[in-house]
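First up is the structure itself, then whatever we jot down about it.
There are 2 protein chains.
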Amino acid sequence: MADLYIVDFSIHDVRFPTNLSGDGTDAMNKECDYSAAYVILYTGPKGSAANKDLNDASASPRGFGMTFTIGRGNEICCAAIKSLVEHALLGKSVRSLTSDMGKTWEALVTDCQLRWLGPEKGVIHLASAAAVNAVWDLYARIEGKPLWLLIASMSPKELVSIVPFKYISDLVTPAEALAIFEAAEKDKAKRIAELQADGYPAYTTSAGWSGYDDAKVARLTRSALAQGFNHFKLKVGANLEDDKRRLGLVRSIVDNPAEIPKGWVRPSEASVAGKNAGPTGAVVMIDANQVFDVSEAIDYISQLASFKPWFIEEPTSPDDALGHAAIRKALLPLGVGVATGEHAHSRVVFKQLLQADAIDVVQIDSCRLAGPQEVLAVMLMARKCGKIVCPHAGGVGLCEYVQHLSLLDYVCVSTTMERNVLEWVDHLHEHFKDPAKISEKGRYVAPSAPGYSMEMLASSIEDYTFPTGSYWSKGTARTPPKVEGH
Amino acid sequence: MADLYIVDFSIHDVRFPTNLSGDGTDAMNKECDYSAAYVILYTGPKGSAANKDLNDASASPRGFGMTFTIGRGNEICCAAIKSLVEHALLGKSVRSLTSDMGKTWEALVTDCQLRWLGPEKGVIHLASAAAVNAVWDLYARIEGKPLWLLIASMSPKELVSIVPFKYISDLVTPAEALAIFEAAEKDKAKRIAELQADGYPAYTTSAGWSGYDDAKVARLTRSALAQGFNHFKLKVGANLEDDKRRLGLVRSIVDNPAEIPKGWVRPSEASVAGKNAGPTGAVVMIDANQVFDVSEAIDYISQLASFKPWFIEEPTSPDDALGHAAIRKALLPLGVGVATGEHAHSRVVFKQLLQADAIDVVQIDSCRLAGPQEVLAVMLMARKCGKIVCPHAGGVGLCEYVQHLSLLDYVCVSTTMERNVLEWVDHLHEHFKDPAKISEKGRYVAPSAPGYSMEMLASSIEDYTFPTGSYWSKGTARTPPKVEGH
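In the order they appear, the protein sequences are chains A and B. Quick note: the first sequence uses this note's numbering, first residue 1, plus one each step. Quick note: the second sequence uses this note's numbering, first residue 1001, plus one each step.
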C-alpha cells in the first residue's frame, strides 16, 4: 500500500436527548444530554481530496474518535479537537504517526501553547483523548485488529515505549513497567483465548439512576439479574431517606435466593468487606458523584454502611486525593471501600490517589485520560500498588471504548479478572456500527471487529448533530437498527 | 438609575506577537504569544440594543474581563466564554448578579453540563474566570471604586457570603473565615491609606527569561535595581550549566553593595533561609515551570542551592501536591523553599498543597482561579496555614488583575506585607486604559480608577484580534500611547 496521509478531518457535535428519560441522572448531574464531540480522520495519498462519503465502504481507511460530554459545552470540545488535529495530525503520514505512538501522544498532549489551557486537564485533555483515540482506531483498522488485540500484540519493550512516564517516575519507572509487561507474557495467548471465549465481567448501573422511581428500580434490578449481572450500582447523595429505601429495595431483591435465576454466577470473593455481604453474594456499590465535602461524605456514607456497599464512588471532589484518603480511612472499618477516577484528569491525579492510599478501585475513563497510552500508565501504577481497575462507562461510546481497555489490562498488566468488573449501561449502543455487547452471562463480549469500536452510524451523526440535525431542528430522527442482545 | 440588564456581549481573540522577542520564554514554554480571551458585557435597559462603540464614554456601563493564554487555543477559551455568558449572564439584571456575588459565582461555575468539561479546571474554569471577572469589573465601575476597594468595603459577613467553601470545609469553615475577616477589621482604614500612599511590594521577572543572553540579563538586572526592585526571579531547568552561570551573574550584581543605587530598600527579613542570603539582602528566586519529575527536581535544584534561592517555583506537575511535598522536604535543609500555584486550577488543589505542607509560598493566578471569590477562599486557607500569598503575574493583563488581589489580601486577610511580594513583568501594559504601574521604589501603585483595570484600548483589541486584525492580517498595528513610569 502506498503511504497514506491524514488528508482531511471532520468534527461533529452530536447530542442525544437523554434528558427526556431521566437516564444518567444523579445527585450532581440532574440533566444530561449524552453527547459526543466526534472526529473523523480521512486518509489518502499525500495531498489527495478526502472521500467523505461515510457509506462508501471502499474508501481509504478512516479513524473515528470521540470524547464524551453531557450536553452544553460539547461545542467547546469540538473547537479544541479542531485545534489539536490541525496542529498535530493534519497532513502527517499515517505511518509516521502509528510507528511511534509514544511520540504521537507527546505531539498531541505537550505542545506548549495548547498545554497551557490545561495543563493535561479539562477540555484540552478531553480533546486530546478524542484525537489520540482516533489515531488508534485508524491504526487498528489498518492492521485489521480490534484495538485491544493490536496493543496486546506489542512486545513488552514496544509497550513501554508508548507509555508516558513524565511526572510518575517516582511511583513507577520504565524498568518496573517492563518487568510487569514481561511477566504478563506468560500465558498471554491463553488469556486472549479465554477472553474471546468467555468475555469480561461486568456490572450494571442501568437500574440505579436517581431519576427512576422505585417500581422502575425494582423492575430493572430483576431484569439485570435475569441478564446474569451480579454487581449493581446505585446513585446516592441527593436524599438520605430515599437512598436507604432504594438500597433496601435493591438488597431485598438481589439478596433473596428466590429471586436468583438459574445459571446465575455468584461473584468471586473479594478482600473488601462489603463485597459478597449477602446470602447470594450479589454485590452492591454506591456512587455519590462528588456531592459531598469530606466530613459530609463520612457522615452520610456511614449511615448507608449497613447496606454493605462494596465501595462509595466519587464521595467528593475528584481533585482531592487527601480528602479521599481521609474518607477511606474513616469508612474502611465499616467495610466500605472507596472508588474514584471518572473525573481524575491525568495519571498524576491517579498517582497521588495511589500514593495516599486513598482508593480501593481505580476507575479510569477512556476520554478523560488521553488515550490508551495514559490509561496504561495508570494501570501500571495500580498494578504496582495492588489495586484493581474498573473503568467508568455509560454515557455514549464509553462502553465501546473501555471494553478494549479492560481486556488489555487483563492480557498485559493485571493478569486477573478475579475482582475486576467493567461498568455497563445499556444506552445508545444502537448508534454504533460495532456496538459493545453483553452475553447471557452478564459479561462483555470481547470485540472482534477491527478498530476501537468508535464508528458511529452516518445516519445517527446526521440526525443528532446539534443544532442542525433533524432531531434538534425538526424533532425527527431515523430509528437505528436493533442491536442483537440488547 | 433604572434597572440595568446585560443586553449583549462581545468576545475577542486578542493575541500579541511576544514570541518574536523571546519574552516569556522558559524551560517549558519555548514560544509564547501572550493572548487574551477577552469579553465585554454591555448593559442597558431591558431588551435594549447595546451601544458597542468602545470610544463612546457616555455609553451605559460595561464590564471587561479576560483570561490569559499563550497563543494557540485562545479561540477555545473564547468559545467557552461565549457558552458561559450566554447561559448564565445574558439577559440578567445587573442588580440580580451583583447583589449576590456568591450566587453569581455558582451560576457560572456549577452548571452541571458545563461543569462536566472540568470540573472546575482547564478551559472551562479559565473561561469562568473571564466571566466572573467581567461581572466584578462592571460592578466596580457602577460603584465608582477600584475592585480591591469595592471588596474591601464589604462587611465580614458579606465577604463570607461570596466565598465558595464547597470542598474546602475540612480546612477552613465559614465560621473560621468570619473570624479572620473580623480580625482584619481592626486598622483596616489605616492599611487602606498606607496602600494608597506607598503601594505594595513587587518582584521582577523581567530580567530572567530563558530566551535572553547574559548581556541582556545583566543589563536588565541593573535596570531593575535602579527601578528599586529587591527581589529577582530567574527561569531555570533548561540547562544546568547555563543556570549556574546566569544565577552567578545575577548574584554578582545584586549582592554587590557597589551596584546598589541610593535609596534602594533592603528587603525585610524572612523565615526561609534563602531569603536575605547575600550582603545586600537582595532576594533571588528560581522558576522551573514544571519541567522536572520529582526526583529530577530534587537533584537539579540541590545543585543550585549554593546560589541561595528563596524558593523554587513549579518544580514539577502543578497537580502533584504530594510530589511538591517530597521536593520541599528534600530541599528545606538546603535552605530552598517551594512555591507553586499559577497552574493550580482550583481551591481544592491549594487545599491539598497546604494540607500536605508542600509549599512555602502560595501563587494564586487571577485567571486560573474563577475570580476573586475563589481567590479569597485560597487566601483564607493560606492565612490559616500561616503561608504567604505572592500572586502570579506577567503575561498580558495579569499584573492589572492581581494588584487588586494582593491589596485585598493585605486589607482583609493577611494584614501583612512583611514577606509578601507581587510579581511584576513589564510587558504589554500600554494596551490597557488604566495600566498597572510601578513606583520609583519598585512597588505597585494602588489602582484608583473604577473597575478591575481590565479595559483594553479599543485600538489594541482591533489591531491584535486574531487572525483578522491588522497586525495578523497585514503586519501593521497602531502604537499605543506611552505609559508613564514604564
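The beta-carbon is built from N, C-alpha and C at its ideal position, and this holds for glycine as well.
Neighbour list for residue i in chain A, Cβ cutoff strictly below 7 Å
i, result
"ALA1330 (chain B)", "Within 7 Å Cβ-Cβ: nothing; ALA1330 (chain B) doesn't reach chain A, min ~12 Å."
"VAL1294 (chain B)", "ASP170"
"GLN1352 (chain B)", "ASP320, ALA321, LEU322"
"VAL1348 (chain B)", "SER317, ASP319, ASP320"
"GLY1118 (chain B)", "GLY122"
"GLN1363 (chain B)", "Neighbours of GLN1363 (chain B) on chain A: none; closest Cβ ~15 Å, over 7 Å."
Run of the alpha helix (DSSP H) containing residue i, from where it starts to where it stops
i, result
"SER1295 (chain B)", "1294-1302"
"THR1110 (chain B)", "It is not in any alpha helix (DSSP H) - THR1110 (chain B) carries neither H nor E in the DSSP assignment."
"MET456 (chain A)", "It is not in any alpha helix (DSSP H) - MET456 (chain A) carries neither H nor E in the DSSP assignment."
"VAL1172 (chain B)", "Careful: VAL1172 (chain B) lies outside any alpha helix (DSSP H) and carries neither H nor E."
"ALA1218 (chain B)", "1214-1226"
Partner residues on chain B for residue i, Cβ-Cβ distance less than 8 Å
i, result
"GLU31 (chain A)", "CYS1112, GLN1113"
"ILE301 (chain A)", "By Cβ distance, chain B contributes nothing, its closest Cβ being about 15 Å from ILE301 (chain A), past 8 Å."
"ILE124 (chain A)", "GLY1073, ILE1076, GLY1122, VAL1123"
"ALA356 (chain A)", "LEU1322"
Residue i versus residue j: straight-line alpha-carbon distance, rounded
i, j, result
"SER10 (chain A)", "VAL39 (chain A)", "6 Å"
"TRP116 (chain A)", "ILE1081 (chain B)", "17 Å"
"ALA1326 (chain B)", "ASP242 (chain A)", "44 Å"
"TRP310 (chain A)", "ARG368 (chain A)", "24 Å"
"CYS1077 (chain B)", "HIS12 (chain A)", "19 Å"
"THR340 (chain A)", "THR316 (chain A)", "9 Å"
"ALA1175 (chain B)", "VAL160 (chain A)", "51 Å"
"VAL362 (chain A)", "LYS387 (chain A)", "7 Å"
"LYS433 (chain A)", "ASP1287 (chain B)", "50 Å"
"ILE438 (chain A)", "ALA446 (chain A)", "9 Å"
"VAL1109 (chain B)", "TRP1264 (chain B)", "44 Å"
"SER60 (chain A)", "SER448 (chain A)", "21 Å"
"ALA226 (chain A)", "LYS262 (chain A)", "9 Å"
"GLU1106 (chain B)", "MET1379 (chain B)", "19 Å"
"LYS1216 (chain B)", "GLU1296 (chain B)", "29 Å"
"LEU304 (chain A)", "LEU89 (chain A)", "49 Å"
"GLU1259 (chain B)", "ARG1222 (chain B)", "8 Å"
"ALA490 (chain A)", "LYS235 (chain A)", "This structure gives no information on residue 490 (chain A), because the portion of chain A shown stretches from 1 to 486."
"VAL132 (chain A)", "THR104 (chain A)", "8 Å"
"ASP1255 (chain B)", "THR1280 (chain B)", "5 Å"
"MET1101 (chain B)", "ASP1319 (chain B)", "28 Å"
Span of the beta strand (DSSP E), counted from its first residue to its last, around residue i
i, result
"LYS186 (chain A)", "It is not in any beta strand (DSSP E) - LYS186 (chain A) carries neither H nor E in the DSSP assignment."
"SER35 (chain A)", "35-44"
"ILE11 (chain A)", "5-15"
"ALA202 (chain A)", "200-204"
"LYS1474 (chain B)", "It is not in any beta strand (DSSP E) - LYS1474 (chain B) instead sits in the alpha helix (DSSP H) that spans 1470-1474."
"ARG1419 (chain B)", "No beta strand (DSSP E) contains ARG1419 (chain B), which DSSP labels as neither H nor E."
Partners in chain B for residue i, counting only beta-carbon separations shorter than 7 Å
i, result
"MET28 (chain A)", "CYS1112"
"HIS345 (chain A)", "LYS1121"
"TRP209 (chain A)", "Here the premise fails: no neighbours, minimum Cβ distance about 14 Å."
Residue i versus the options, residue with shortest Cα-Cα distance
i, options, result
"LYS121 (chain A)", "A:ALA370, A:SER406, A:ASN51", "A:ALA370"
"ALA1282 (chain B)", "B:PHE1307, B:ASP1293, B:PHE1466", "B:PHE1307"
"VAL1421 (chain B)", "B:THR1415, B:PRO1333, B:PRO1201", "B:PRO1201"
"GLY47 (chain A)", "A:VAL94, A:TRP424, A:THR18, A:LYS103", "A:VAL94"
"ASP1026 (chain B)", "B:ASN1256, B:SER1210, B:HIS1404, B:ALA1127", "B:SER1210"
"ILE142 (chain A)", "A:PHE350, A:LEU84, A:ASP3", "A:ASP3"
"SER208 (chain A)", "A:PRO450, A:PRO391, A:THR280, A:MET285", "In the sequence on display, residue 208 (chain A) carries Gly and not Ser. Selected option, being the one with the closest Cα: A:MET285."
"VAL291 (chain A)", "A:LYS145, A:LEU240, A:ASN19", "A:LEU240"
"ALA1152 (chain B)", "B:ALA1134, B:PHE1181, B:VAL1172", "B:PHE1181"
"HIS404 (chain A)", "A:GLY442, A:ASP426, A:GLU440, A:PRO450", "A:PRO450"
Partners in chain A for residue i, counting only beta-carbon separations shorter than 9 Å
i, result
"LEU1398 (chain B)", "The contacting residues do not exist; LEU1398 (chain B) stays about 13 Å from chain A at best."
Under 8 Å from the C-beta of residue i: neighbouring residues of chain A
i, result
"LYS1079 (chain B)", "Going by the sequence as given, residue 1079 (chain B) is Ala instead of Lys. Per Cβ cutoff of 8 Å: GLU75, ILE76, ALA79."
Q: Name, going along the chain, the residues of the stretch 1463-1484 of chain B whose beta-carbon falls closer than 7 Å to a beta-carbon of chain A.
A: none
Q) Residues in the stretch 1082-1097 of chain B with C-beta within 7 Å of chain A's C-beta atoms, listed in sequence order? A) SER1083, HIS1087
Q) Between the stretch 63-74 of chain A and chain E, which residues of the former have a C-beta closer than 7 Å to a C-beta of the latter? A) Considering every chain present, this structure includes no chain E. Its protein chains are A and B.
Q: Give the residues from the stretch 303-336 of chain A that approach chain B closer than 9 Å (Cβ to any Cβ), ordered along the chain.
A: THR316, SER317, PRO318, ASP319, ASP320, ALA321, LEU322, GLY323, ALA326
**Q.** Interface positions of the stretch 1141-1168 of chain B facing chain A (Cβ-Cβ less than 9 Å), listed along the chain
**A.** PHE1165, LYS1166, TYR1167, ILE1168
Q: Determine which residues of the stretch 1358-1391 of chain B have a Cβ less than 7 Å from any Cβ of chain A, and write them out in chain order.
A: none
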